[in-house]
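Student: Just so we're aligned, residue 1183 is where the sequence shown starts under our numbering, counting upward by one.
Below is a structure I'd like to ask you about.
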Amino acid sequence: MMTRPSTGDNTALPPLPVPALAVTIPQSFIDDLLERTDIVDVVGRYVTLKKGGVNLMGLCPFHDEKSPSFTVSPSKQFYHCFGCGKNGDALRFLMDYTNVGFVDAVEDLAQRAGMQVPRENISPQEEARRQQAKETRLTLTELNAKAMQAYKQHLRHSASTIQYLKKRGVSGELAARYALGYAPPGEHALASVFPDYADPRLEECGLVIFREETHRRYDRFRDRLMFPIRNLRGECIGFGGRILGDGQPKYLNSPETPLFHKGRELYGLYEGKRAIAQAGYALVCEGYMDVIALAQWGFGQAVATLGTACGPAHVQLLFRHTDRIVFAFDGDNAGRNAARKALECALPLITDTRTVTFLFLPKEHDPDSFIRDHGPEAFADKVQQAMPMSQYLLEVARQDCDLSTPEGRARMSHQARPLWQLLPHNALKIQIFDAIAQQAQMAPASLQQLWHLDAATPAPAATSPPNESWASEAPPDAQWLNEDFPASPDPMPAADWAPFAAPPHAPPHAPPHAPPHAPPHASPSGHATGKTPPPRYPRPSVRSHAPTHGLNRPRPVSRDEQALCILLAHTALLDALSEKDLHILRKLAPPVGQIFGWLEEQHLQHGAQAWPQLALALADTPHHPGLQRLAARIEFIGQNTLDDAALELQSTLNGIIDNQITEQIERLQQEFVHNPEARHQLQSLLRQRAAMKSGRTAPP
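Printed below as a string of structure tokens:
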């Protein structure tokens, strides 16, 4: 039985919340879907559109007219008819024109975008909280928009800033396209823009700083060239500012706000998404001015991270727009370090149809200076000749290795392995393995055997008794390695592999000695439903009464551990969890609750990450030994769709809550005879559990 953390006294624990039953599509998914949808493509399927200034125009599909009054704004991702007043975004157009409901319209757009529509259960309270958060975002967006317009106006009157831009070759047209501006000197320039300068929302969106100790309030950006940072809908979510004098810091970004998370945004993506589609690739460079300069030279597909190293969220965002990413870095040590970080972030997202290449400029050049000296054609050639990801991976692995010696080649193979393991299972991974073997001057079968041995070697025996801690059980990693290769032509003797046979709860693709799967699902009453869906993850097998002397069987996982495995395999699900669910997970008994706390912090800092990346990050934490036992399960769950994983997570959470309620009921049943208050709590918990069971579609 699962034990809920004790309160340390006999105080009755408060009733646990009943899982919500209302089903909805997460707002985060809808926002993501709209960011990936171009309204011009949606409307253009039904209306003939022609260029009309910055917008597109056509005959309104909602009323009869002879001259066009229907406009579509690519920059605002919005349509409006001046004749009948119809307006909205891509979803609203689809609903109004095709006469379908909201869910059908979402599914239509998602299918065209290659996305799967998730569902989630939320309570009315959670819905109200999300609505409040949405209204806050809209308000902060409006404040940023007003500031952006003010900065643009100030630029018109700043001769020194205009002169700086001209010196860098930036035209007025390009400055307008990227909405460049100027924050004047002085601490309260925005007071003329916002009459209520004390409005706390100005602090919330990062425009104003307030020092409580001195009660001093002042503009964050002063005497700086301003770069508005816009999301894919063209909304200003933050700013970057470059100092024009000798002050520090040279570049200053907006702080983290409800709108702006620098680890997830790319400067120039909104302005460059059409150029990315036309060029067939995205060019990632190191700074705001690199993006502006490259756009001036005709490379509008350039984007930049916001004063931070490239992260997994950046790569995921770019792969939504193109299958090819070119990282352009300076050739100095800082550039090489940034490239190494980008490589590690990109590897888990590489497929057989996605490519990542690395362009290293000479140490004395940035993109602008290189093009000035050698011309845009030479830079375009550099882009085409950029180093393939596979080649750069081998270069990183060879670092500090003398390949003319056995020691150097052994070191190279050792350094290559953690990078290779980040790759998902595909044909490219096997080809890179062969290349590593060739560099190490080893037969692929020999390297495979070596890596099998490394994975399968049991950890040193723990000092505590068996099963007292996670660290006492070795992981079945040899099974995982087998998924990437055909059988070795020179296999090890069977006796050598016996201790590492797949556990009783091995995945369906385990060797033939794995037991059959569990019987069809049963109803809460115990009767079979007749439905036998394919198992989504390896289930613990029924306990056997056969002798187990000499066998070291890993114990089945608990529901707590199962929830953790699902979230480690699909970290994107964290965005869909309610505060209630997060609270339950944080309070789980150690070590699961502690690892979840680490995962939540990791997700806030870096966004959604693949399991291989998390495994690398966990290697330096005290949680690593315990998670080794769960590695195979996490890997297997990662092969499921996000939809299936979400359903499993909700079922597992329901089971956790049910166990916690049962624990409370059993305790109260011992007390209610002598404690009238315990009687009331017991009745409440019994009603709560009955409500849960009536609302569930499947047992936990």
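Ideal Cβ positions, reconstructed from N, Cα and C, are used throughout, including at glycine.
1. Between Gly1351, Asn1841 and Gly1445, which lies nearest to cysteine 1527 when the distance is taken from Cα to Cα?
2. Between arginine 1502 and the rest of its own chain, which residues show a CB-CB distance below 6 Å, the 5 nearest in sequence each way excluded?
3. Please state whether DSSP places alanine 1562 in a helix, a strand or coil.
4. According to DSSP, is phenylalanine 1509 part of a helix, a strand, or is it coil?
5. Since histidine 1885 is in the alpha helix (DSSP H), which residue starts that stretch and which ends it?
6. Whose CA, out of Leu1325, Arg1404 and Met1408, lies closest to the CA of proline 1377?
7. Roughly how many whole angstroms lie between the Cα atoms of alanine 1592 and alanine 1622?
8. Would you kindly work out how many angstroms separate the C-alpha atoms of glycine 1513 and phenylalanine 1542, rounded to a whole number?
9. Note down the Cα distance separating alanine 1171 from phenylalanine 1615, rounded to an integer number of angstroms.
10. Check the DSSP bridge columns for leucine 1541 and list the partner residues they point to.
11. Determine, using beta carbons only, whether valine 1288 and isoleucine 1207 come nearer to each other than 7 Å.
12. Between which two residues does the alpha helix (DSSP H) containing leucine 1476 stretch?
13. Starting from serine 1210 and walking both ways along the beta strand (DSSP E), at which residues does that stretch end?
14. Closer than 8 Å by C-beta to glutamate 1247: which residues in its own chain qualify, once you throw out the five before and the five after it? Chain order, please.
15. Given valine 1538, which residues of its chain have a CB within under 6 Å of its CB, disregarding the five upstream and five downstream residues?
16. Our contact map puts alanine 1828 next to proline 1300 with C-beta atoms below 8 Å; I'd like the distance itself, whole angstroms only.
17. Identify whether tyrosine 1228 lies in helix, strand or coil by the three-state DSSP scheme.
18. Closer than 7 Å by C-beta to alanine 1361: which residues in its own chain qualify, once you throw out the five before and the five after it? Chain order, please.
19. What runs of the alpha helix (DSSP H), each 4 residues or longer, lie entirely inside the segment 1279-1326?
20. Nearest-angstrom Cα distance between isoleucine 1819 and glutamine 1307?
21. Compute the distance between the beta-carbons of alanine 1486 and tyrosine 1449, then report whether it is under 7 Å.
22. Determine, using beta-carbon pairs with one atom in the segment 1472-1482 and one in the segment 1766-1776, whether at least three such pairs fall under 8 Å.
23. With a 10 Å radius around its C-beta and 16 neighbouring C-beta atoms as the bar for buried, classify glutamate 1417 as buried or exposed.
24. What is the C-beta distance between alanine 1792 and proline 1600, in whole angstroms, given that I count them as a contact (C-beta under 8 Å)?
25. Do leucine 1756 and histidine 1788 have their C-beta atoms within less than 7 Å of each other?
26. Given a cut-off of 7 Å on the beta-carbon distance, is the pair isoleucine 1458 and glutamine 1498 in contact?
27. Can you give me the Cβ contacts of tyrosine 1379 inside the same chain, cut-off strictly under 8 Å, excluding the 5 residues immediately before and after it?
28. Looking only at its chain, what residues have a beta carbon closer than 8 Å to the beta carbon of proline 1494, apart from the 5 residues adjacent to it on each side?
29. Tell me the rounded alpha-carbon separation between glycine 1351 and threonine 1230.
30. If you count every other CB in all the chains shown that lies within 10 Å of the CB of proline 1642, and 16 or more means buried, which is it?
31. Taking leucine 1426 and serine 1305 to be in contact with their CB atoms under 8 Å, please state how far apart those CB atoms are, rounded to whole angstroms.
32. Distance, Cα to Cα, valine 1565 vs arginine 1319?
33. Can you say whether glycine 1296 is buried or exposed, counting buried as having 16 or more other CB atoms within 10 angstroms of its CB?
34. Using the Cα positions of proline 1772 and leucine 1749, report the straight-line distance between them to the nearest angstrom.
35. How many whole angstroms separate the CB atoms of glycine 1420 and phenylalanine 1442, which I take to be in contact at a CB cut-off of 8 Å?
36. Could you compute how far the alpha carbon of leucine 1151 sits from the alpha carbon of alanine 1357?
Tutor: The relevant details are as follows:
1. Residue 1527 sits at position 345 when you count from the first residue of the sequence shown. Comparing Cα-Cα distances from cysteine 1527 to each of Gly1351, Asn1841 and Gly1445, the minimum goes to Gly1445.
2. Start at 1 with the first residue of the sequence shown, and residue 1502 comes out as number 320. Taken in chain order, the residues that qualify are Arg1218.
3. The residue labelled residue 1562 in the question sits at position 380 within the sequence shown. Here alanine 1562 sits in helix by DSSP.
4. Looking up residue 1509 in the sequence shown gives position 327. Phenylalanine 1509 falls in the strand class under three-state DSSP.
5. One cannot answer for residue 1885 here, as it falls past the ends of the chain, which runs 1183 to 1882.
6. One-based indexing of the sequence shown puts residue 1377 at position 195. Of the listed residues, the one whose Cα sits closest to proline 1377 is Leu1325.
7. As a first step, residue 1592 must be located in the sequence shown, where it is residue number 410. As a first step, residue 1622 must be located in the sequence shown, where it is residue number 440. So the alpha carbons of these two residues sit roughly 7 Å apart.
8. Residue numbering aside, residue 1513 sits at position 331 when the sequence shown is read from its first letter. Residue numbering aside, residue 1542 sits at position 360 when the sequence shown is read from its first letter. C-alpha separation (whole angstroms): 5 Å.
9. Residue 1171 is absent from the model: the chain starts at 1183 and stops at 1882.
10. For this step, residue 1541 is matched to residue 359 along the sequence shown. Leucine 1541 pairs with Ala1510.
11. Numbered from 1 along the sequence shown, position 106 holds the residue referred to as residue 1288. Numbered from 1 along the sequence shown, position 25 holds the residue referred to as residue 1207. Yes. Within cutoff.
12. Locating residue 1476 in the sequence shown gives position 294, where the first residue counts as 1. Its alpha helix (DSSP H) spans residues 1470-1478.
13. Position 28 of the sequence shown, counting from 1, holds the residue named residue 1210. Note, serine 1210: premise wrong, no beta strand (DSSP E); alpha helix (DSSP H) at 1209-1218.
14. One-based indexing of the sequence shown puts residue 1247 at position 65. So the list reads Leu1241 and Gly1265, once near-sequence residues are dropped.
15. Here the question's residue 1538 lines up with position 356 in the sequence shown. Around valine 1538: Ile1507, Ala1528 and Met1571.
16. For the purposes of this step, residue 1828 is taken as the residue at position 646 of the sequence shown. For the purposes of this step, residue 1300 is taken as the residue at position 118 of the sequence shown. Confirmed, Cβ separation roughly 6 Å.
17. As a working note, residue 1228 is residue 46 in the sequence shown. Note: tyrosine 1228 maps to coil in three-state DSSP.
18. Mapped onto the sequence shown, residue 1361 falls at position 179. If we look at alanine 1361 and ignore the five residues flanking it on each side, its Cβ neighbours are Met1330, Lys1334 and Pro1410.
19. 1284-1295
20. In the sequence shown, residue 1819 corresponds to position 637, counting from 1. In the sequence shown, residue 1307 corresponds to position 125, counting from 1. Each residue's Cα considered, the two are about 31 Å apart.
21. Here residue 1486 refers to the residue found at position 304 when the sequence shown is read from its first residue. Here residue 1449 refers to the residue found at position 267 when the sequence shown is read from its first residue. Going by C-beta atoms, alanine 1486 is nearer than 7 Å to tyrosine 1449.
22. no
23. Position 235 of the sequence shown, counted from the first residue, corresponds to residue 1417. Result: buried.
24. What you label residue 1792 is simply residue 610 of the sequence shown in a count that begins at 1. What you label residue 1600 is simply residue 418 of the sequence shown in a count that begins at 1. With 8 Å as the limit, alanine 1792 and proline 1600 do not qualify as a contact, their Cβ atoms being about 14 Å apart.
25. Within the sequence shown, the letter at position 574 stands for residue 1756. Within the sequence shown, the letter at position 606 stands for residue 1788. The answer is no: Cβ separation not under 7 Å.
26. In the sequence shown, residue 1458 corresponds to position 276, counting from 1. In the sequence shown, residue 1498 corresponds to position 316, counting from 1. No.
27. Stepping through the sequence shown from its first residue, residue 1379 is reached at position 197. For tyrosine 1379, where only same-chain residues beyond five positions count, the Cβ hits under 8 Å are His1370, Leu1372, Ala1373, Val1390 and Arg1399.
28. Within the sequence shown, the letter at position 312 stands for residue 1494. Once the five neighbours on either side are set aside, the close Cβ partners of proline 1494 are Cys1527, Pro1530, Leu1531, His1788, Gly1789, Ala1790, Gln1791, Ala1792 and Gln1795.
29. Walking along the sequence shown from the start, residue 1351 turns up at place 169. Walking along the sequence shown from the start, residue 1230 turns up at place 48. Approximately 38 Å, taken between the alpha carbons.
30. Locating residue 1642 in the sequence shown gives position 460, where the first residue counts as 1. Legend: pLDDT at proline 1642 = 43, less than 50; position of this residue unreliable, no value from coordinates given.
31. Along the sequence shown, read from residue 1 onward, the residue named residue 1426 stands at position 244. Along the sequence shown, read from residue 1 onward, the residue named residue 1305 stands at position 123. About 51 Å; that fails the 8 Å criterion.
32. By one-based count along the sequence shown, residue 1565 stands at place 383. By one-based count along the sequence shown, residue 1319 stands at place 137. Answer to the nearest angstrom: the Cα atoms are 38 Å apart.
33. On the sequence shown, residue 1296 is found 114 positions in, with the first residue counted as 1. Looking at its Cβ environment, which holds fewer than 16 other Cβ atoms inside 10 Å, glycine 1296 is exposed.
34. As a position in the sequence shown, residue 1772 is number 590, starting the count at 1. As a position in the sequence shown, residue 1749 is number 567, starting the count at 1. Roughly 16 Å between the two C-alpha positions.
35. The residue you call residue 1420 lines up with position 238 of the sequence shown. The residue you call residue 1442 lines up with position 260 of the sequence shown. Right, their Cβ atoms sit about 4 Å apart.
36. Because the chain in this structure spans residues 1183 to 1882, residue 1151 falls outside the shown range and cannot be described.
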